[in-house]
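Below is one structure; the comments refer to it alone.
Protein chains in written order, with the working numbering: chain Y, 1 to 171; chain L, 1001 to 1254.
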């Protein structure tokens, strides 16, 4: 079951906790079985499962604590330019696996989840929008901001601390 | 188009989310712009690094067992509720069941005969090639660099293969994707020759691949095909370019 591993990996990254992630995945499968009627043929099954997992996470204790915060001023849909930060992108590309994992752990959860879905799970924007219940434009701008932050973290600018201070709950 | 207008879309390019037309025009732009090309390359590398770093946790055997038990229990509950329907089928007259069985058998034989009559699997590769080019995203990994394309397949297909340096040849590598043939995952590489697209399929050579001839022209679709095996792998080239050009690429890949 490759989907099980993918769901567990995502859950583990969201919760930072082995037991909680396992419970989350088990609940996801139970909910999926019960609600299989609500799955629409022709839509992406993987996205549907991730959506159930993510919604279950939002109602869990850790999920409520994390509150999926993103900077309010950043939540517009304006496209974000990469502004030619090739050195930063190279820093990310050449970072060690450990450094990358640490940076990903530290990233605010709203950015972490979108990067996990896009870069790790390699989902299409439209499926990510489905999982996160967001418009595609917001997915794209969150992705761009998240990646930018990650690149800066790995290039040695510790702007994540200041970025986190501005975080406000959005849902 | 200028660099600035691409700045907001270079990430979408790396995610293979631009329309085929935009993908092409960005590729054309990056071919003459070192800044865009190096940014793109760095972003592709970064995406790959993230993918490898992000696959960190796997489900434990205990979790696997827990879920199998839970889903199995629910599934058997579902079958018990369906019991009455099963009983209804059993109470059908015996002749109706016999007739249904005969119809199924006849249909099975018909399809078996239709399958075995087909000269080879090659025509199916032509179908894969056409279906892929008709899709909105012909490639999943976008790169003209063989050192990006080849590692991308790691963990996606159950084998690895050699990609030659195409520098100085008339062929350009535009990217690749995972293709499936008879439920077997394999690599599909897309090359361009002038404005023609060439698909190179690489699969493990299994008995299901009933291929005898080495070159083949599908007269009904006018596609040319070339195929050979090397180190237990089956290579199939499909394109609308002429047979001699296809032979030239085949020689490079050999």
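Idealized CB from N, CA, C, for every residue including glycine.
If you're wondering where the values come from, they're calculated on a predicted model, not measured in any experiment.
Continuous alpha helix (DSSP H) stretch holding residue i: start and end
i	result
residue 153(Y)	136–154
residue 1185(L)	Careful: residue 1185(L) lies outside any alpha helix (DSSP H), inside the beta strand (DSSP E) at 1184–1193.
residue 1003(L)	1003–1007
residue 58(Y)	45–59
residue 1150(L)	1146–1152
residue 14(Y)	2–15
residue 1156(L)	Unbroken run through residue 1156(L): none, as it is neither H nor E.
residue 1012(L)	1010–1014
Cβ distance (whole Å) where residue i is taken to contact residue j below 8 angstroms
i	j	result
residue 971(L)	residue 1146(L)	With chain L covering only 1001 through 1254, there is no way to say anything about residue 971(L).
residue 93(Y)	residue 1049(L)	5 angstroms
residue 61(Y)	residue 3(Y)	Not really, about 25 angstroms apart at Cβ, beyond 8 angstroms.
residue 1161(L)	residue 1187(L)	7 angstroms
residue 136(Y)	residue 144(Y)	No, residue 136(Y) and residue 144(Y) are not in contact; Cβ-Cβ is about 13 angstroms, not under 8 angstroms.
residue 1169(L)	residue 1246(L)	The pair is not a contact, with the Cβ atoms about 13 angstroms apart (cut-off 8 angstroms).
residue 156(Y)	residue 115(Y)	With 8 angstroms as the limit, residue 156(Y) and residue 115(Y) do not qualify as a contact, their Cβ atoms being about 19 angstroms apart.
residue 1198(L)	residue 1138(L)	Their Cβ separation, rounded to whole angstroms, is 12 angstroms, which puts residue 1198(L) and residue 1138(L) out of contact at 8 angstroms.
residue 1015(L)	residue 118(Y)	6 angstroms
residue 24(Y)	residue 32(Y)	Contact flag wrong, Cβ pair sits at about 13 angstroms.
residue 86(Y)	residue 1005(L)	So it is not a contact: roughly 18 angstroms between Cβ atoms.
CB contact check: residue i to chain Y, cutoff 9 angstroms
i	result
residue 1045(L)	yes
residue 1231(L)	no
residue 1015(L)	yes
residue 1104(L)	no
residue 1067(L)	yes
residue 1180(L)	no
residue 1055(L)	yes
residue 1063(L)	yes
residue 1050(L)	yes
residue 1131(L)	no
residue 1060(L)	yes
residue 1140(L)	yes
residue 1011(L)	yes
residue 1071(L)	yes
C-beta neighbour in chain L for residue i, strict 9 angstroms
i	result
residue 127(Y)	no
residue 22(Y)	yes
residue 120(Y)	yes
residue 57(Y)	no
residue 138(Y)	no
residue 94(Y)	yes
residue 115(Y)	yes
residue 101(Y)	yes
residue 62(Y)	no
residue 8(Y)	yes
residue 13(Y)	yes
residue 177(Y)	The first residue shown for chain Y is 1 and the last is 171, placing residue 177(Y) beyond what the model contains.
residue 142(Y)	no
residue 17(Y)	no
residue 51(Y)	no
residue 54(Y)	no
residue 155(Y)	no
Collapsed DSSP secondary structure at residue i in the structure displayed
i	result
residue 107(Y)	coil
residue 114(Y)	helix
residue 1057(L)	coil
residue 1204(L)	strand
residue 25(Y)	helix
residue 1167(L)	coil
residue 1172(L)	strand
residue 1196(L)	strand
residue 1088(L)	Caution is warranted here: a pLDDT of 47 is assigned to residue 1088(L), below 50, making its placement in the model unreliable, and the coordinate value is therefore given only provisionally. Helix.
residue 1177(L)	strand
residue 1139(L)	coil
residue 133(Y)	coil
residue 1032(L)	coil
residue 37(Y)	helix
residue 95(Y)	coil
residue 1129(L)	helix
residue 127(Y)	helix
residue 1018(L)	coil
residue 1243(L)	helix
residue 63(Y)	helix
residue 1121(L)	coil
residue 188(Y)	An answer regarding residue 188(Y) cannot be provided, because it is not within the stretch 1 to 171 covered by chain Y.
residue 1023(L)	helix
Opening and closing residue of the beta strand (DSSP E) in which residue i lies
i	result
residue 1225(L)	1223–1230
residue 1238(L)	1233–1239
Residue i Cβ short of 8 angstroms to the ligand SAM heavy atom set
i	result
residue 9(Y)	Only the bare structure without any ligand can be found here, which leaves the ligand SAM out of the picture.
Legend entry - Against chain Y: residues of the region 1017–1045 of chain L by CB proximity under 8 angstroms: 1017, 1035, 1038, 1039, 1042, 1043, 1045
Legend entry - chain L contacts made by the region 21–46 of chain Y, where a contact means CB separation under 7 angstroms: 22, 25, 26, 29, 30, 33
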